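Sequence lines, in order, name chains A and B. For the first sequence, position 267 (counting from the first letter as 1) is numbered 267 according to UniProt numbering, and the numbering increases by one without interruption. For the second sequence, position 214 (counting from the first letter as 1) is numbered 214 according to UniProt numbering, and the numbering increases by one without interruption. Backbone N, C-alpha and C define an ideal beta-carbon position, used for all residues, glycine too. These figures come from a predicted structure and were not determined experimentally.
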Amino acid sequence: MPDQLIFGMEVVLNGLMAGVLYALVALGFVLIYKASGIFNYAQGVMALFAAMTLVGMMEGRVPFSHLINAIFGTEIHHFGWHLPGLAAVLLTMVVMVALAWVVNQLIFRHLVNQEPIILFMATIGLAYFLEGFGDMMWGSDIKKLDVGLPQGINLMIDETTFNIFGYGFFIDNLDLVATGVAALLVIALVIFAQYSKQGRAMRAVADDHQAALSVGISLNFIWVMVWSLAGFVALVAGIMWGTKSGVQFSLSLIALKALPVLMLGGFTSIPGAIVGGLIIGVGEKLFEFTVGPLVGGATENWFAYVLALIFLVFRPQGLFGEKIIERV
Amino acid sequence: MKQRLMTALAAAMLVASPALAELTIVDTSYRTGPYGANGIPFSDGYQDYFTLLNERDGGIGGEKINLVECETGYNTEKGVECYEATKAAGNGALIYQPLSTGITYQLIPKVSADGIPLHTMGYGRTSAKNGEVFKWVFNYPANYWDGASHAITHILDLNGGDINGKKISLVYHNSAYGKEPIRTLEELSKKHGFELILLPVDHPGQEQKSQWLQIRRDRPDYVLMWGWGVMNQVAIQEAVNIRFPMENFIGIWWSGSENDVKPAGDAANGYKALTFHNLGDEYPLYDDMRKYVVDAGKAAGAGDQVGSVLYNRGMYAAMLAAEAIKTAQEMHGVTAINAAQMRDGMENLEMTEAKMTALGLPNFGPEFKVTCQNHGGNGFGAVSQWDAAAGEFKLITDYFQSDQEIISALVAEDSAAFAAESGITPGC
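#1: For chain A, find out if any of its Cβ atoms is closer than 7 Å to the Cβ of residue 302(B); answer yes or no.
#2: So, at 8 Å on beta carbons, what are the nonlocal neighbours of residue 75(A) in its own chain, with the 5 sequence-adjacent residues on each side left out?
#3: Using C-beta distances below 7 Å, list every residue in its chain close to residue 226(A), excluding the 5 sequence neighbours before and after it, in chain order.
#4: Applying a beta-carbon distance threshold of less than 8 Å, which residues of chain B neighbour residue 298(A)?
#5: Excluding five sequence neighbours on each side, which residues of the same chain lie with their C-beta closer than 7 Å to the C-beta of residue 224(A)?
#6: Is the beta carbon of residue 373(B) closer than 7 Å to that of residue 44(B)?
#7: Buried or exposed, going by whether 16 or more other CB atoms sit within 10 Å of the CB of residue 144(B)?
#8: Per DSSP, which residues does residue 138(B) bridge with? Please list them.
#9: Curious, which full-length beta strand (DSSP E) runs of at least 3 residues does the region 219 to 296 of chain B contain?
#10: If I measure Cβ to Cβ from residue 189(B) and keep anything under 6 Å in the same chain, skipping five residues before and after, which residues do I get?
#11: Report the rounded CA-to-CA distance for residue 195(A) versus residue 22(A), giving the unit in angstroms.
#12: Could you give the C-beta distance for residue 302(B) and residue 49(B), rounded to a whole number, given that I count them as a contact under 8 Å?
#13: Can you tell me where the alpha helix (DSSP H) holding residue 45(B) begins and where it ends?
#14: List the residues of chain A whose Cβ lies closer than 9 Å to the Cβ of residue 47(B), in chain order.
#15: If distances are taken between C-alpha atoms only, which option among 42(B), 78(B), 123(B) comes closest to residue 140(B)?
#16: Give the DSSP-derived three-state secondary structure of residue 77(A) in the structure shown.
#17: What residues are listed by DSSP as bridge partners for residue 28(B)?
#18: In the DSSP assignment, find the unbroken alpha helix (DSSP H) run with residue 319(A) in it and report its ends.
#19: Can you tell me where the beta strand (DSSP E) with residue 392(B) in it begins and where it stops?
#20: If I follow the unbroken beta strand (DSSP E) through residue 196(B), where does it start and stop?
#21: What residue range does the alpha helix (DSSP H) around residue 272(A) cover?
#22: Is there a Cβ from chain B that is less than 7 Å from the Cβ of residue 169(A)?
#23: List the endpoints of the continuous alpha helix (DSSP H) containing residue 108(B).
#24: Closer than 9 Å between beta carbons: that is the criterion. Which residues of the region 259 to 272 of chain B meet it against chain A?
#25: For residue 335(A), which residues of its own chain have a beta-carbon under 6 Å away from its beta-carbon, when the five flanking residues on both sides are left out?
#26: Using a beta-carbon distance cut-off of less than 7 Å, what residues from the region 81 to 99 of chain A approach chain B?
#27: How about residue 353(B): is its Cβ closer than 6 Å to a heavy atom in the ligand ATP?
#28: Mind pulling the chain A residues with CB within less than 9 Å of residue 34(B)?
#29: Mind checking residue 350(B): buried by the 16 CB within 10 Å criterion, or exposed?
#30: Less than 7 Å between the beta carbons of residue 208(B) and residue 235(B), yes or no?
#31: For residue 438(B), go through chain A and note every residue whose CB falls closer than 7 Å to its CB, in chain order.
#32: Can the beta-carbon of residue 24(B) be found less than 7 Å from the beta-carbon of residue 90(B)?
#33: Kindly say whether residue 235(B), judged by its beta-carbon, lies nearer than 7 Å to any beta-carbon of chain A.
#34: Within the same chain, show all residues whose beta-carbon is closer than 6 Å to that of residue 387(B), passing over the 5 residues directly before and after it, in chain order.
#35: Compare the Cα-Cα distances from residue 234(A) to each of 293(A), 15(A), 7(A), 40(A) and report the closest residue.
#36: Look up residue 381(B) in the DSSP assignment and say whether it is helix, strand or coil.
Right, dumping it as structure tokens:
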């Protein structure tokens with residue numbers, strides 16, 4: 001088998017893995033958009049905030065310690081204890097639910113029935129607020145995140161592919177874990193949306209706010225629930241990306257990777273986010289592998305958006321999005 | 001009416017107030033945004049040194065230093081806004097140190113027109129080394145092209161002076177900054193016969209799988225990195241993932257802080273980075289820094305960055321600015337110098353080991369002398385290596401000079417092109 005074909009297979013596999021990581025970010029956008037029609041600009045910052053909170057909990061950092069020390073002249077930084085990963089994840093989830101409740105009470109409760117652009121602008125404000133709030137709460141240093149996930153080359157795949165092709169494929173163990181987690185997450189979300197009472201209520205709200213209200217569904221509860229779910233997805237994305245690069249401000253920019261995925265998969269489809277992620281992941285990696293060397297490289301960001309643009313032209317609602325029909 | 005009267009009174013008081021300090025230094029910092037984690041220690045070091053001079057010595061030559069901070073967020077437009085908003089602060093800003101190649105490129109024509117010196121220490125436009133063309137811009141003690149040469153010289157040393165046929169990959173930030181060393185490396189590749197492989201990474205550099213898969217396929221002997229921010233941390237983690245030997249991975253000085261290696265943990269042990277100043281906090285000056293600044297609660301930040309790589313670099317930049325002010329004061333016989341006199345001080349700055357020892361910073365930086373023709377120093381640098389167990393970078397070489405034969409020719413060529421397109425007649 002020609003070397004380029006073998007290398008290409010490795011690139012495709014890695015593209016699929018990268019796509020899963022993009023999809024993890026996109027899922028958070030989909031959840032909120034599906035239930036409330038809000039394009040949540042703050043989703044990337046929520047991933048950052050969740051990851052910062054997780055590290056803070058694990059390391060026993062005192063929240064707002066810089067502020068407290070500056071005001072009172074104290075020197076407190078740590079509580080002196082370290083939490084195991086699972087306990088820290090659970091506590092972080094509590095914080096994300098609290099954040100969802102506060103966001104709903106202070107912002108979106110007052111914006112029911114407003115134009116989508118108003119809601120979008122509100123999420124921009126929320127994003128900038130959370131950026132500063134997170135830094136103030138946990139500090140802006142780069143934090144190492146280690147919840148015990150394996151990282152580095154998967155030796156079994158390396159050896160197996162070496163025996164078959166004479167060249168061992170590189171697959172990152174962390175990417176394999178991310179794939180498993182994403183699969184579980186999607187299955188759980190689909191089951192929740194289809195078969196649970198709250199899930200059906202969420203879909204009802206997504207279909208028609210007024211009709212849902214008229215049958216006694218609490219809009220407030222559903223929105224808090226959806227923002228909490230998005231917070232959970234943000235936490236998962238934050239763990240995966242934060243383990244790769246450390247927890248730092250740039251984590252909030254992973255939202256840029258989710259946009260072409262949403263444009264391609266559709267803003268309202270959970271499976272669409274996954275399929276869109278996989279197409280973008282494989283597409284950009286293969287393009288970089290084949291065309292990149294001819295044009296100087298660094299084509300991935302460009303290609304992802306061009307691919308999404310092409311889909312927009314022919315299928316504006318995305319692959320799995322709901323077709324918008326307005327009767328006049 | 002009463003409100004108007006109060007407003008007019010307040011405005012009159014502001015105009016009539018004498019300047020509170022005579023030497024105005026602007027710190028165009030970035031404590032927020034994707035590069036804030038690196039901007040904070042640099043800015044802390046820069047400001048803390050001037051605070052130390054104010055608190056311990058009463059300023060420089062008896063003149064207090066007026067520190068003005070302006071947040072750029074590493075954003076070029078904001079950097080230019082900061083410059084315009086602060087250039088007339090106090091008695092006029094004496095020097096700018098933007099810590100951004102993008103902002104530097106925008107400020108070069110502005111500072112040249114306004115007559116305010118710009119110091120771009122280890123970054124910015126490399127050919128600004130030619131003082132005959134770039135009268136108001138200084139980039140001592142080393143620049144990117146020096147850095148490229150330092151890396152290759154180090155690799156030559158490791159290979160007995162022969163790297164013919166070796167493969168060297170450059171992983172670089174796909175921006176003006178990241179592209180700076182390419183020309184020099186191409187020239188060095190012709191001279192020494194190594195194969196250069198270029199691997200650009202788009203901003204911010206969170207996803208680099210393609211580049212590191214290619215490195216795994218190409219199997220280069222060495223990888224060089226020109227990165228900043230998250231790109232560094234991801235690259236080092238990816239290198240660990242593919243089991244690239246860390247001692248063969250060399251970053252420019254902007255890819256060599258504790259921030260860059262700590263996320264990868266112990267696996268980053270052995271990673272190398274270039275530097276043009278020394279590391280750690282075992283210097284007499286830091287005793288004073290703790291006594292007069294940090295412990296006195298006057299530090300610019302939380303005081304937790306003292307001795308880190310980027311804190312040292314910011315402190316070094318401030319120290320070089322302060323020494324230029326002293327030189328200017330001696331040259332002109334005045335203590336309250338202006339920006340033009342500051343430029344003279346910078347152009348006649350000479351850093352000797354004796355001077356650095358007297359400052360409490362023995363062996364902290366290379367010796368160099370600035371002249372009208374040479375605004376970039378003598379091109380000395382060193383190699384540091386990350387010791388994960390100790391949690392610090394350590395110098396593993398002495399300071400050595402870059403390949404002046406190649407770099408001087410490139411500086412002359414690039415600065416001549418700039419002079420031609422800008423209508424500048426070179427000269428001193």
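So, to answer that:
#1: yes
#2: 69
#3: 31, 32, 35, 36, 202
#4: Going along chain B in sequence order, the residues near residue 298(A) (Cβ under 8 Å) are 174, 200, 201, 202.
#5: 100, 101, 104
#6: No; because the gap between Cβ atoms is not below 7 Å, this pair is not in contact.
#7: It counts as buried.
#8: 119(B)
#9: 222 to 226, 249 to 251, 272 to 275
#10: 196
#11: Looking at the two C-alpha atoms, the distance is approximately 27 Å.
#12: No, residue 302(B) and residue 49(B) are not in contact; Cβ-Cβ is about 17 Å, not under 8 Å.
#13: 36 to 52
#14: Within chain A, no residue comes near residue 47(B); the closest Cβ sits about 16 Å away, beyond 9 Å.
#15: Comparing Cα positions, the closest option is 123(B).
#16: coil
#17: Residue 28(B) is bridged to 70(B).
#18: Segment: none, residue 319(A) is in no alpha helix (DSSP H) and carries neither H nor E.
#19: 392 to 395
#20: 195 to 201
#21: 270 to 290
#22: no
#23: Secondary structure note for residue 108(B): its alpha helix (DSSP H) is the uninterrupted segment 101 to 114.
#24: 259, 260, 262, 263, 264, 265, 267
#25: This structure does not reach residue 335(A), given that chain A is present from 1 up to 328, and the question cannot be answered.
#26: none
#27: The model on display carries no ligand, and the ligand ATP is accordingly not part of it.
#28: 248, 249, 250, 252, 253
#29: exposed
#30: Yes, they are a contact pair.
#31: Absent from the model: residue 438(B). The displayed extent of chain B is 1 to 428, so no value can be given.
#32: yes
#33: no
#34: Apart from the 5 residues on each side of it in sequence, residue 387(B) sits with its Cβ closer than 6 Å to the Cβ of 394 in its chain, given in chain order.
#35: 40(A)
#36: strand
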